[in-house]
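Asks: Encoded as structure tokens, here's the structure I'll be asking about.
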Amino acid sequence: MVGLFQLNNDSSSVLYDVPVISSHEIPYFFYLHIPNYQKENKVYELSDVSETKTVIKYGKLLKQDKCRPWISIETRLLDMTVGLHVYQLSFVNTILNHVFNMYFAYNIQDSDLEKPYIYMNREEES
2 MVGLFQLNND SSSVLYDVPV ISSHEIPYFF YLHIPNYQKE NKVYELSDVS
52 ETKTVIKYGK LLKQDKCRPW ISIETRLLDM TVGLHVYQLS FVNTILNHVF
102 NMYFAYNIQD SDLEKPYIYM NREEES
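Here it is as structure tokens:
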């Protein structure tokens, strides 16, 4: 399984189409696509904004390709517990010195949960 995400510039609309990932099938990397990519935009901060904003020190676990609109991030850097997780990537345009944020979200689901629906069975009468 490969984790591909489209970054969104609105923190509320990122919750409308959240990918669901099984806790038993977490990929080693997530790949984040940057819309309207400009090579002057550099990531300077990664934050978990699921409940309260927590800045994450990413070091070499987050890589931004200088010539392509993709960011790779090792999943061990992110929260992989069951539930909804929302992250904010902060960028700075190195020419204009303009700062902007983009968001991505995912939902980790435990595959051992009881199903939230009832299968309809047709019982045969004797």
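Numbering follows the numbering used here, in which position 109 of the sequence shown is assigned residue number 110; successive positions increment by one, without gaps. We put the beta carbon where it would ideally sit given N, CA and C, even for glycine.
#1: Just reading off the beta strand (DSSP E) that Q39 is part of, what are its end residues?
#2: Could you check what DSSP says for S12 in three-state terms: helix, strand or coil?
#3: If we ignore side chains and look at the alpha-carbon of each, how far apart do H86 and R69 end up?
#4: Apart from the five residues on each side of it in sequence, which residues of its chain come closer than 8 angstroms, Cβ to Cβ, to M81?
#5: Per DSSP, G84 is paired with what?
#6: Determine the extent of the beta strand (DSSP E) in which T55 is found, giving its start and end residues.
#7: Quick one: grab the DSSP three-state call for K67.
#8: Indicate the three-state DSSP secondary structure (helix, strand or coil) for L47 in the structure shown.
Replies: The answer reads as follows:
#1: That residue, Q39, is in no beta strand (DSSP E); it is neither H nor E in DSSP.
#2: coil
#3: 26 angstroms
#4: S24, I27, I109
#5: I109
#6: 55 to 57
#7: coil
#8: strand
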